[in-house]
Amino acid sequence: MINLTQKEETMEQASLKETTFCDFNHSAISSLAKKLADGETNTRKITQSVFKHVRDNIRFGFDIVQVKASETLEKGYGVCWNKALLMVALLRRNKIPARLAYNPVKRDFMRPAMGDAIDTLPETMNHCFAQVQLDGEWIAIDATLDDATYQKLFVPHNVAWGIDWNGKEDIRLYTENIAGPVDIFEDIDAAIQQNVGNTMPPPSEAEAFFGPANQQMWQAVAG
């Protein structure tokens with residue numbers, strides 16, 4: 243957990259803003275945020291509701307970085323940066339400070355989902371997750387893997403991490419594959435426009451690049 247400091251109090255203001263990609267005033271985001279809060283005032287309970295929804299109702303699937311939160315919601319799938327951004331948008335819409343964080347991870351993190359195709363990727367990449375401010379502390383929450391994908395593809399590989407969040411402490415996946423320290427994207431839009439520091443195919447080639455991999459993975463999860 244990260245204790246709140248004076249510098250971070252300034253960052254807290256930024257962590258409630260709408261941006262081009264974090265478009266939480268979009269009607270679909272706004273409606274879902276209200277539904278997930280369901281009149282609750284306890285920010286931890288709201289955060290748990292948002293986390294579980296994004297984790298399991300937005301299935302894990304590969305996509306480019308430059309996708310708005312509302313677009314990920316419409317698609318119904320996303321990879322770490324897409325799902326983390328959607329979670330940040332839903333939390334900010336509920337007036338809960340949230341931000342996009344990342345740390346470098348070894349590509350082997352995704353081997354259970356991609357198999358040997360993972361060897362075509364760089365040895366390390368920036369993995370994104372959300373941080374939410376609860377009772378003066380920034381807590382890491384990672385909703386990347388939906389339960390079905392986790393149980394079907396990752397549990398059989400005896401990964402050293404789980405996907406449940408207890409509502410209190412940091413949850414980060416990939417513990418055995420961490421390759422660098424956690425850092426924060428202070429400007430979400432700038433980070434996304436720069437592909438969160440990763441090498442990505444151009445948007446025009448995204449479907450050809452990711453489509454077959456997603457279909458194969460989703461069939462394996464459903465089978």
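Numbering-wise, my numbering comes out as the position in the sequence shown, counting from 1, plus 242. Glycine included, every Cβ here is placed at the ideal spot set by N, Cα and C.
Query	Result
Pull up the CB-CB distance for Leu-415 and Asp-384, whole angstroms please, since I reckon it's below 8 Å.	5 Å
Who are the near neighbours of Ile-271 in its chain, counting only those whose CB is closer than 7 Å to its CB and skipping five residues on each side?	Asp-265, Ala-311, Ser-312, Leu-315, Ala-331, Leu-332, Arg-335
Quick one, are the C-beta atoms of Arg-286 and Ala-390 less than 9 Å apart?	no
Alpha carbon to alpha carbon, what distance is there between Lys-337 and Asn-284?	12 Å
Here's a check: name, in chain order, each residue in its chain whose Cβ is nearer than 6 Å to the Cβ of Leu-278, leaving out the five neighbours to either side.	Ser-291, Val-292, His-295
Residues in its own chain within less than 7 Å of Arg-353 by CB, not counting five upstream and five downstream?	Ile-360
Which word fits Asn-400, buried or exposed, when buried means at least 16 other C-beta atoms lie within 10 angstroms of its C-beta?	exposed
What number of angstroms, rounded off, separates the C-alpha of Ala-275 from the C-alpha of Asp-429?	22 Å
Could you tell me the alpha carbon to alpha carbon distance between Ser-257 and Pro-339, rounded to whole angstroms?	5 Å
Does DSSP put Ile-338 in a helix, a strand or coil?	coil
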